[in-house]
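Okay, so here's the structure we're looking at.
Numbering (my numbering), first residue to last: 4 to 188.
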């Protein structure tokens, strides 16, 4: 594929993923799922809520989100011959990163690091910025991956990202529980 063709495919793929993202994240997602999908707040963890609470809602959201992005890619295929492996690669990366970002602990950590607690729009803007950056990575990988072996490797990497996120969530919960146990009663 020539550089110009690759660039055109990347642009079309990004536009479709972004349109699917907007519809999947804002129109398709229910209010109940939006409020239930994040990792529990420290108060809830202290009250004994398990750290994995919310993953079911998050996965339901990501299923609808990925289906919406897939529909956007399918619509684009009416006029642009996108490769199935490329589309699958983009969807795997977009869906897995979306799940991790939507657990919201990364956004909370960014707010702490940026010290922008007073910025009312920070949670939403940082969340959407992370999703957009992840979609760019998904598109670059989708253009770079040309066969099933590459798709399998990307899928394994996406699974590792989700697994690492679960490990971080568990460590956050354990650290919070230890801190709470250390407080005088």
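Cβ coordinates follow ideal geometry from the N, Cα and C atoms, glycine included.
For residue i, three-class secondary structure by DSSP
i           : result
residue 61  : helix
residue 97  : helix
residue 25  : helix
residue 81  : coil
residue 156 : helix
residue 4   : coil
residue 172 : helix
residue 71  : helix
residue 165 : helix
Rounded C-alpha distance that separates residue i from residue j
i           : j           : result
residue 62  : residue 102 : 7 Å
residue 138 : residue 19  : 10 Å
residue 212 : residue 67  : What the structure shows of the chain is the stretch from 4 to 188, and residue 212 is not part of that stretch, so it cannot be assessed.
residue 75  : residue 172 : 32 Å
residue 85  : residue 114 : 38 Å
residue 43  : residue 132 : 22 Å
residue 136 : residue 94  : 14 Å
residue 55  : residue 130 : 20 Å
residue 108 : residue 29  : 20 Å
residue 120 : residue 126 : 9 Å
residue 77  : residue 70  : 10 Å
residue 165 : residue 104 : 10 Å
residue 146 : residue 155 : 15 Å
residue 158 : residue 92  : 8 Å
residue 12  : residue 134 : 20 Å
residue 14  : residue 6   : 12 Å
CB-CB length for residue i against residue j, believed under 8 Å
i           : j           : result
residue 40  : residue 22  : About 22 Å; that fails the 8 Å criterion.
residue 2   : residue 96  : Given a span of 4 to 188 for the chain in the structure shown, any question on residue 2 remains unanswerable.
residue 57  : residue 106 : 7 Å
residue 99  : residue 161 : 4 Å
residue 142 : residue 16  : 5 Å
First and last residue of the uninterrupted alpha helix (DSSP H) at residue i
i           : result
residue 117 : 108-117
residue 130 : 125-147
residue 34  : 34-39
residue 49  : 45-49
Any non-hydrogen atom of the ligand ADP closer than 8 Å to residue i Cβ
i           : result
residue 174 : No copy of the ligand ADP occurs in the structure displayed, which carries no ligand at all.
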